[in-house]
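This report refers to the structure that appears directly beneath it.
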Amino acid sequence: MKQKQSKFFIRTSGRRLYDISEALSEQVGTSGIISGLLSLYIPHSSASLLIQENYDPEVLRDLERFFDRLVPQGDPLFHHTSEGPDDMPAHVRSALTAVSLSIPILDAQLALGTWQGVFLYEHRTSQHSRSILCHMIGE
Amino acid sequence: MKQKQSKFFIRTSGRRLYDISEALSEQVGTSGIISGLLSLYIPHSSASLLIQENYDPEVLRDLERFFDRLVPQGDPLFHHTSEGPDDMPAHVRSALTAVSLSIPILDAQLALGTWQGVFLYEHRTSQHSRSILCHMIGE
Amino acid sequence: MKQKQSKFFIRTSGRRLYDISEALSEQVGTSGIISGLLSLYIPHSSASLLIQENYDPEVLRDLERFFDRLVPQGDPLFHHTSEGPDDMPAHVRSALTAVSLSIPILDAQLALGTWQGVFLYEHRTSQHSRSILCHMIGE
Numbered sequence: 009m010k011q012k013q014s015k016f017f018i019r020t021s022g023r024r025l026y027d028i029s030e031a032l033s034e035q036v037g038t039s040g041i042i043s044g045l046l047s048l049y050i051p052h053s054s055a056s057l058l059i060q061e062n063y064d065p066e067v068l069r070d071l072e073r074f075f076d077r078l079v080p081q082g083d084p085l086f087h088h089t090s091e092g093p094d095d096m097p098a099h100v101r102s103a104l105t106a107v108s109l110s111i112p113i114l115d116a117q118l119a120l121g122t123w124q125g126v127f128l129y130e131h132r133t134s135q136h137s138r139s140i141l142c143h144m145i146g147e
Numbered sequence: 009m010k011q012k013q014s015k016f017f018i019r020t021s022g023r024r025l026y027d028i029s030e031a032l033s034e035q036v037g038t039s040g041i042i043s044g045l046l047s048l049y050i051p052h053s054s055a056s057l058l059i060q061e062n063y064d065p066e067v068l069r070d071l072e073r074f075f076d077r078l079v080p081q082g083d084p085l086f087h088h089t090s091e092g093p094d095d096m097p098a099h100v101r102s103a104l105t106a107v108s109l110s111i112p113i114l115d116a117q118l119a120l121g122t123w124q125g126v127f128l129y130e131h132r133t134s135q136h137s138r139s140i141l142c143h144m145i146g147e
Numbered sequence: 009m010k011q012k013q014s015k016f017f018i019r020t021s022g023r024r025l026y027d028i029s030e031a032l033s034e035q036v037g038t039s040g041i042i043s044g045l046l047s048l049y050i051p052h053s054s055a056s057l058l059i060q061e062n063y064d065p066e067v068l069r070d071l072e073r074f075f076d077r078l079v080p081q082g083d084p085l086f087h088h089t090s091e092g093p094d095d096m097p098a099h100v101r102s103a104l105t106a107v108s109l110s111i112p113i114l115d116a117q118l119a120l121g122t123w124q125g126v127f128l129y130e131h132r133t134s135q136h137s138r139s140i141l142c143h144m145i146g147e
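Protein sequences appear in the order of chains B, V and F.
Using my numbering, the first residue of the first sequence is number 9, and each one after it goes up by one.
Using my numbering, the first residue of the second sequence is number 9, and each one after it goes up by one.
Using my numbering, the first residue of the third sequence is number 9, and each one after it goes up by one.
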């Protein structure tokens, strides 16, 4: 049994989903782990991790439309507005999605479904550099 | 330290929660792991995993009523409609719930709370065969 | 490779977020694990786990305001009311947030972001004693 830890960065430019599936495949490939578990963690409070359909890009836009309506900018409900109108909605969206995900590794590959991709979901409107931490364990 | 991977299938028939607690207990039982961690993963983009109260079935129906109102079928917000009116709501419901869960194993059993069950949450209205991946690690 | 399991308790007094970051640091510190993964699990169906901004307490209050509006007490949608008006909303809030979280351990510390805290989110209005299970694995 062995473990590997790694970290990589994604530059984001606005509120949407960024496919990180390829980057994760590379992390798994270089780990030398054939069978095990990848656990992902995002150390940010206004971005999150999401598994979603990776086929029709309209799905990702519909998802963003839904979250934008559910947690609207400028909602008078929110008192924490000092960091901009997109900040508190970003924290709520982050609470409603995931900051950690665990995906099995089988045959040296992530056991994603046929139509699944792994995405970083950026919730802020401005540019950010986001880091993603990987913990892999197995044989 | 050892690990075990396994997979099982659930046939679903419509939008509701399916209790998989017993199936998981079997997986843990046959793994020979007495103390450790079970990580579950669902490789589908329109079904998810949920821990919920397992006592009053009305809780599960209320939950479905809530999600059906929060993410309504036929919502003009959604552009991705080619796979049916329940498809895009299924992706959103999936984003709002979980695709992976990790539960401790203690004394060769899942450390679920007294009132907790583990459920597959089917978000499509038609019949589906869903697979669930298990990764168990421990001693 | 080694693993440690532990459990600790939090007394809650009403619907809000309780910072458990320090308690988790202690668990990691006494485990002797320098590099690895902490997996948390909450064995309750009306409380959950959340990573949130830990700087401005207004963020936590805004979050509670949001969930209180999204899943209102006394909603006629809910049939399961025998355990009080806050019970079914608690189950829904629990479904929308997390019951398990995995956070990497680096240099004998949790790899939380600068502005991240780990919180227990109590969804019931009365006092409760909540337990949190920790599974740590690594070297």
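Cβ atoms here follow ideal geometry from the backbone N, Cα and C, with glycine treated the same way.
Collapsed DSSP secondary structure at residue i in the structure displayed
i	result
VAL126 (chain V)	strand
ALA98 (chain F)	helix
GLN35 (chain F)	helix
LEU85 (chain F)	coil
SER29 (chain V)	helix
SER90 (chain F)	coil
Option nearest residue i by Cα separation, candidates the options
i	options	result
GLN13 (chain B)	F:GLY82, F:PHE74, F:ILE113, F:LEU32	F:ILE113
ILE59 (chain B)	V:LEU58, V:GLY92, V:LEU104, V:SER43	V:LEU104
ASP70 (chain V)	F:VAL67, F:ASP76, F:LEU68, F:PRO84	F:PRO84
SER53 (chain V)	V:VAL100, V:SER39, V:LEU120, V:LEU141	V:VAL100
LEU118 (chain V)	V:VAL107, V:SER134, V:ALA106, V:CYS142	V:CYS142
PHE16 (chain V)	V:PRO65, V:PRO93, V:TYR49	V:TYR49
LEU120 (chain V)	F:LEU25, F:GLU34, F:PRO51, F:GLY22	F:PRO51
GLU72 (chain V)	V:ARG23, V:GLY37, V:VAL36, V:ILE18	V:ARG23
PRO80 (chain F)	V:GLN81, V:PHE74, V:PRO80	V:PHE74
SER43 (chain V)	V:LEU57, V:GLU34, V:SER29, V:LYS10	V:LYS10
SER134 (chain V)	V:PRO93, V:SER29, V:GLU30, V:ALA106	V:PRO93
LEU25 (chain B)	B:ILE41, B:ALA31, B:GLN35, B:LEU57	B:LEU57
ASP115 (chain V)	V:GLU30, V:VAL36, V:SER29, V:ASP76	V:VAL36
Own chain partners of residue i with C-beta closer than 8 Å, once the 5 adjacent residues on each side are dropped
i	result
ALA55 (chain F)	THR20, ALA98, SER102, LEU128, TYR129, GLU130, HIS131, ARG132, HIS136, ARG138
LEU45 (chain V)	SER110, ILE111, PRO112, ILE113, MET144, ILE145, GLY146
VAL67 (chain V)	GLN60, GLU61
THR122 (chain V)	none
SER33 (chain B)	GLN117, LEU118
GLY82 (chain F)	PRO93
Same chain, Cβ closer than 7 Å to residue i, five either side skipped, listed in chain order
i	result
ASP27 (chain B)	ASN62, GLY125, PHE127
THR89 (chain V)	MET96
SER39 (chain F)	LYS12, MET144
SER47 (chain F)	SER108, SER110, HIS143
GLU91 (chain F)	none
ALA31 (chain F)	PHE16
beta-carbon residue i near the ligand NAD non-hydrogen atom, thresh 8 Å
i	result
ALA103 (chain F)	The ligand content of the structure shown is nil, which means the ligand NAD is not present either.
Endpoints, the beta strand (DSSP E) within which residue i is located
i	result
PRO65 (chain V)	That residue, PRO65 (chain V), is in no beta strand (DSSP E); its alpha helix (DSSP H) goes 65 to 78.
LEU120 (chain V)	It is not in any beta strand (DSSP E) - LEU120 (chain V) carries neither H nor E in the DSSP assignment.
ARG23 (chain F)	Note, ARG23 (chain F): premise wrong, no beta strand (DSSP E); not H, not E.
PRO112 (chain F)	108 to 114
ILE59 (chain F)	55 to 61
SER47 (chain F)	44 to 49
Beta bridge counterpart(s) of residue i as assigned by DSSP
i	result
ARG132 (chain V)	ARG132 (chain V) is not bridged to any residue.
GLY146 (chain B)	B:LYS10, B:GLY44
LEU104 (chain V)	According to DSSP, which records beta bridges pairwise, LEU104 (chain V) is partnered with nothing at all.
9 Å Cβ cutoff, residue i in contact with chain A
i	result
TYR49 (chain B)	Reference to chain A is not applicable here, since the protein chains of this structure are B, V and F.
Close-in-space but distant-in-sequence residues of the same chain around residue i (CB under 6 Å, 5 per side omitted)
i	result
PHE86 (chain B)	MET96
ASP64 (chain B)	none
SER29 (chain F)	GLY125, VAL126
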